[in-house]
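Enquirer: First the structure, which I've put down as structure tokens, then a few questions once you've had a look.
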Amino acid sequence: MATICALLLLALSGAAKATELMIVSDIHYMVGELYEGSDLFLRVLRAGDGKYTQHSDELMAALCAQVARERPDALVVTGDLSFNGERASHVALAEWFARIEGMGVPVWVIPGNYDINVGTARGFDGDEWYYTDAVTPEAFSEIYTDFMLSAVGDASLSYAVRVDDGLWVAMTDVSYYRDEAQTFGLFTSGHADWLEDVLAQARGAEVVTATHHSLLEHTAFSRDSFLMFGHEAMEALIRRYGVRLNLSGHMHAQHIVEKDGLTDAALGAFCTWPHRYARLTIRDDGEMTYEALSLDGDLLPEDFLDESRTWVEGITKDKMIAAMEGVSPDARGPMAEYATRFNLAYFSGTYCRDDPAWQEDPVYQLWLGYPNSSMWRYMKQVMNESDGDNLYRHWD
Ligand SMILES: [Fe+2]
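In terms of this note's numbering, the sequence shown has 85 at position 88, counting the first letter as 1, and numbering is strictly consecutive.
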């Protein structure tokens, strides 16, 4: 027994040191005081894209519990912190982050396109809505002052964290909100100067970059709103310094693309079923693992995950049916059900192009009869995308 223990100790002491980062994106948190008791707010959500924002506090409580369970070295948040830019939501979310830092886990945030200078930030009261305060970039950095390092020069709210000698994380704020929040992201010459400086200082260490918008093209649909403008410049720059991984969000779909040794891992939206987060393990011998996970069900109220799935399914199916003009009433239900399943699989990162079940399903034949419908064109684009594991990647 003594020999086995000694061997085990030896193996442990010989193991490379590992840093574990937990990542979340697109929390879209909304503080209760801005909507509690409002039917209108629920109707707004019901007409949306499946965000389970009416349960923001339960989700944040579960995230805290998940952090307590996993004890990562830091929590990285890649933008879209608030539902729609409300100051009160930012303030309340910062309190949740303070709880996480209270456990000894640093939190690092960058804004997304729904966070700063959002002119349409609203609150809800019964069947009425009203404009509520948004935040300027200065107010944003004040609210999240404990969860970001001070911004540098001309690169918006970007900052770099030197985790240790072997690892840096470059939190790169490419969201565009100069006068008013825009959907797109933009990598400017100011970002390039700042990032090159970081990369030069970090030479010899692993650098992971993090942005809200995509660095690489993930999908042909909505390309211009997902992919940041100036992505070519950022890609060329970080390739020169050997960066292997960019963390992003924004698409709300769990999707990973790799292009000539550079990977962009877009994390599914935390606010929507299956409530993704990711675990990135970086060892000092260069090995790296990215895993997309979901909150553990036992950390949420009973039936939460089932109800959250039912919520997004119902919303998606209604949208599908509404988009099916010209489809016979008999076919409409099964086709909408198929498209809903397809969409949920794609957004949660579990769609597999090579799974024959999608084509063997008799409803696939029904869809072939509607080649010009926008839903079918979208599904065809997804089916033609290059296939790969969207939940797990490993680098040697
Ligand atoms: Fe978002």
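Backbone N, C-alpha and C fix where the C-beta goes; we use that ideal spot for every residue, glycine too.
Below 8 Å, is the gap between the Cβ of Asp77 and the nearest heavy atom of ligand 1?
Expert: Here residue 77 refers to the residue found at position 80 when the sequence shown is read from its first residue. Yes, the Cβ of Asp77 comes within 8 Å of a heavy atom of ligand 1.
Enquirer: Determine the direct distance from the alpha carbon of Val160 to that of Leu5, and round the result to whole angstroms.
Expert: Along the sequence shown, one-based indexing puts residue 5 at 8. Along the sequence shown, one-based indexing puts residue 160 at 163. In this prediction, Leu5 has a pLDDT of 38, which is less than 50 and means its spatial position is unreliable; what the coordinates show is noted afterwards. Roughly 28 Å separates the two Cα atoms.
Enquirer: For Glu17 and Val132, what's the separation of their Cα atoms in angstroms?
Expert: Along the sequence shown, read from residue 1 onward, the residue named residue 17 stands at position 20. Along the sequence shown, read from residue 1 onward, the residue named residue 132 stands at position 135. Looking at the two C-alpha atoms, the distance is approximately 32 Å.
Enquirer: Using only the alpha-carbon positions, how far apart do Ser383 and Ala342 sit?
Expert: On the sequence shown, residue 383 is found 386 positions in, with the first residue counted as 1. On the sequence shown, residue 342 is found 345 positions in, with the first residue counted as 1. Spanning the two alpha carbons is a distance of roughly 16 Å.
Enquirer: Is the beta carbon of Trp126 sitting closer than 9 Å to the one on Tyr26?
Expert: Here residue 126 refers to the residue found at position 129 of the sequence shown. Here residue 26 refers to the residue found at position 29 of the sequence shown. Result no, Cβ atoms of Trp126 and Tyr26 do not sit closer than 9 Å.
Enquirer: Would you mind sorting Phe218 into buried or exposed? The rule is 16 or more other CB atoms within 10 Å of its CB.
Expert: By one-based count along the sequence shown, residue 218 stands at place 221. The residue is exposed, with fewer than 16 neighbouring Cβ atoms inside 10 Å.
Enquirer: Just mark Asn381 as buried or exposed, buried being the case when its beta carbon has 16 or more other beta carbons within 10 Å.
Expert: Position 384 of the sequence shown, counted from the first residue, corresponds to residue 381. That one is exposed.
Enquirer: Is any non-hydrogen atom of ligand 1 found closer than 8 Å to the C-beta of His215, if you look at the structure I gave you?
Expert: Looking up residue 215 in the sequence shown gives position 218. Every heavy atom of ligand 1 is 8 Å or more from the Cβ of His215, so no.
Enquirer: Are the beta-carbon atoms of Leu264 and Leu56 separated by less than 9 Å?
Expert: Mapped onto the sequence shown, residue 264 falls at position 267. Mapped onto the sequence shown, residue 56 falls at position 59. Cβ distance not < 9 Å, so Leu264 and Leu56 don't count as in contact.
Enquirer: Who does Lys256 pair with in a DSSP beta bridge?
Expert: The count along the sequence shown starts at 1 and reaches residue 256 at position 259. DSSP output for Lys256 lists Leu259 as bridge partner(s).
Enquirer: What span of residues does the beta strand (DSSP E) with Ala71 cover, start to end?
Expert: For this step, residue 71 is matched to residue 74 along the sequence shown. Its beta strand (DSSP E) spans residues 71 to 75.
Enquirer: Since I believe Tyr389 is in contact with Val360 (beta carbons under 8 Å), could you give me their beta-carbon distance rounded to a whole number of angstroms?
Expert: For this step, residue 360 is matched to residue 363 along the sequence shown. For this step, residue 389 is matched to residue 392 along the sequence shown. With 8 Å as the limit, Val360 and Tyr389 do not qualify as a contact, their Cβ atoms being about 29 Å apart.
Enquirer: Skipping 5 residues on each side, what residues in its chain have a beta carbon closer than 6 Å to that of Ser172?
Expert: Counting from 1 along the sequence shown, the entry for residue 172 is found at position 175. For Ser172, where only same-chain residues beyond five positions count, the Cβ hits under 6 Å are Pro108, Gly109, Asn110, Gly182, His209.
Enquirer: Between Asp386, Phe226, Ala230, Ala58, which lies nearest to His401 when the distance is taken from Cα to Cα?
Expert: Residue numbering for the chain in the displayed model covers -2 to 393; residue 401 lies beyond these limits and cannot be assessed.
Enquirer: How about Asp23: is its Cβ closer than 8 Å to a heavy atom in ligand 1?
Expert: Your numbering for residue 23 matches position 26 in the sequence shown. Flag set: Cβ of Asp23 near ligand 1.
Enquirer: Please look up how many angstroms separate the CB atoms of Leu212 and Val204, rounded, as I've assumed it's under 8 Å.
Expert: Counting from one through the sequence shown, the residue named residue 212 turns up at place 215. Counting from one through the sequence shown, the residue named residue 204 turns up at place 207. Rounded, the Cβ-Cβ distance is 13 Å, inconsistent with contact.
Enquirer: So what's Glu310 in DSSP terms, helix, strand or just coil?
Expert: Position 313 of the sequence shown, counted from the first residue, corresponds to residue 310. Glu310: helix per DSSP, three-state reduction.
Enquirer: Tell me whether Ala266 counts as near ligand 1, meaning its Cβ is closer than 8 Å to at least one heavy atom of that ligand.
Expert: Along the sequence shown, one-based indexing puts residue 266 at 269. Yes, the Cβ of Ala266 comes within 8 Å of a heavy atom of ligand 1.
Enquirer: Kindly indicate which residue of Val324, Phe137, Asp122 has the alpha-carbon position closest to the one of Gly29.
Expert: Numbered from its first residue, the sequence shown carries residue 29 at position 32. Answer by Cα proximity: Asp122.
Enquirer: Who pairs with Ser147 in a beta bridge, going by DSSP?
Expert: Position 150 of the sequence shown, counted from the start, is the residue given in the question as residue 147. Ser147 is not bridged to any residue.
Enquirer: I need the DSSP call for Phe223, collapsed to helix, strand or coil.
Expert: Position 226 of the sequence shown, counting from 1, holds the residue named residue 223. Residue state, collapsed to three classes: helix.
Enquirer: Would you check if the distance between the CB atom of Met231 and the CB atom of Thr169 is smaller than 9 Å?
Expert: Taking the sequence shown and counting its residues from 1, one reaches residue 231 at position 234. Taking the sequence shown and counting its residues from 1, one reaches residue 169 at position 172. Result yes, Cβ atoms of Met231 and Thr169 sit closer than 9 Å.
Enquirer: Taking Cβ to Cβ, would you say Leu290 is nearer than 9 Å to Arg273?
Expert: What you label residue 290 is simply residue 293 of the sequence shown in a count that begins at 1. What you label residue 273 is simply residue 276 of the sequence shown in a count that begins at 1. In this structure, Arg273 lies closer than 9 Å to Leu290 by Cβ.
Enquirer: With a CB to CB cut of under 7 Å and the five nearest residues on each side skipped, what residues in its chain are close to Leu146?
Expert: Working through the sequence shown from its first residue, we reach residue 146 at position 149. Around Leu146: Tyr156, Val158.
Enquirer: I'd like the list of long-range same chain contacts for Tyr174, defined as Cβ closer than 6 Å, with 5 residues on each side in sequence excluded.
Expert: Position 177 of the sequence shown, counted from the start, is the residue given in the question as residue 174. Excluding sequence neighbours, Tyr174 sits near Ile113, Asn114.
Enquirer: Beta carbon of Ala65, beta carbon of Met19: below 9 Å?
Expert: Working through the sequence shown from its first residue, we reach residue 65 at position 68. Working through the sequence shown from its first residue, we reach residue 19 at position 22. It is not a contact, given that the beta carbons lie outside the stated cut-off.
Enquirer: Consider the C-beta atom of Asn110 and the heavy atoms of ligand 1; say whether any pair is separated by less than 8 Å.
Expert: As a first step, residue 110 is located in the sequence shown; it is residue number 113 there, counting from the start. Yes - ligand 1 has a heavy atom lying nearer than 8 Å to the Cβ of Asn110.
Enquirer: Can you tell me whether Phe94 is helix, strand or coil according to DSSP?
Expert: Here residue 94 refers to the residue found at position 97 of the sequence shown. Here Phe94 sits in helix by DSSP.
Enquirer: Work out the CA separation of Asp162 and Met376 for me, nearest whole Å.
Expert: The count along the sequence shown starts at 1 and reaches residue 376 at position 379. The count along the sequence shown starts at 1 and reaches residue 162 at position 165. The alpha-carbon atoms of Met376 and Asp162 are separated by roughly 45 Å.
Enquirer: Please check the pair Ala167 and Ala207, which I expect to be a contact at CB under 8 Å, by giving their CB distance rounded to whole angstroms.
Expert: Mapped onto the sequence shown, residue 167 falls at position 170. Mapped onto the sequence shown, residue 207 falls at position 210. Yes, they are in contact, since the Cβ atoms of Ala167 and Ala207 sit about 7 Å apart, within 8 Å.
Enquirer: Could you have a look at Met100 and say whether DSSP puts it in helix, strand or coil?
Expert: Here residue 100 refers to the residue found at position 103 when the sequence shown is read from its first residue. If DSSP states are grouped into helix, strand and coil, Met100 belongs with coil.
Enquirer: Residue range of the beta strand (DSSP E) that His391 falls in?
Expert: Taking the first residue of the sequence shown as 1, we reach residue 391 at position 394. Looking at the DSSP string, the run of the beta strand (DSSP E) that includes His391 is 389 to 392.
Enquirer: According to DSSP, is Tyr173 part of a helix, a strand, or is it coil?
Expert: For this step, residue 173 is matched to residue 176 along the sequence shown. Note: Tyr173 maps to coil in three-state DSSP.
Enquirer: Does the beta-carbon of Leu277 have 16 or more other beta-carbons within 10 angstroms, so that it is buried, or is it exposed?
Expert: Position 280 of the sequence shown, counted from the start, is the residue given in the question as residue 277. Result: buried.
Enquirer: Give the DSSP bridge partners of Ser245, in chain order.
Expert: On the sequence shown, position 248 is the one that residue 245 refers to. Answer is Ala263.
Enquirer: Alpha carbon to alpha carbon, how far is Val104 from Thr75? Give it in angstroms, no decimals.
Expert: Walking along the sequence shown from the start, residue 75 turns up at place 78. Walking along the sequence shown from the start, residue 104 turns up at place 107. Distance between the alpha carbons of Thr75 and Val104: 11 Å.
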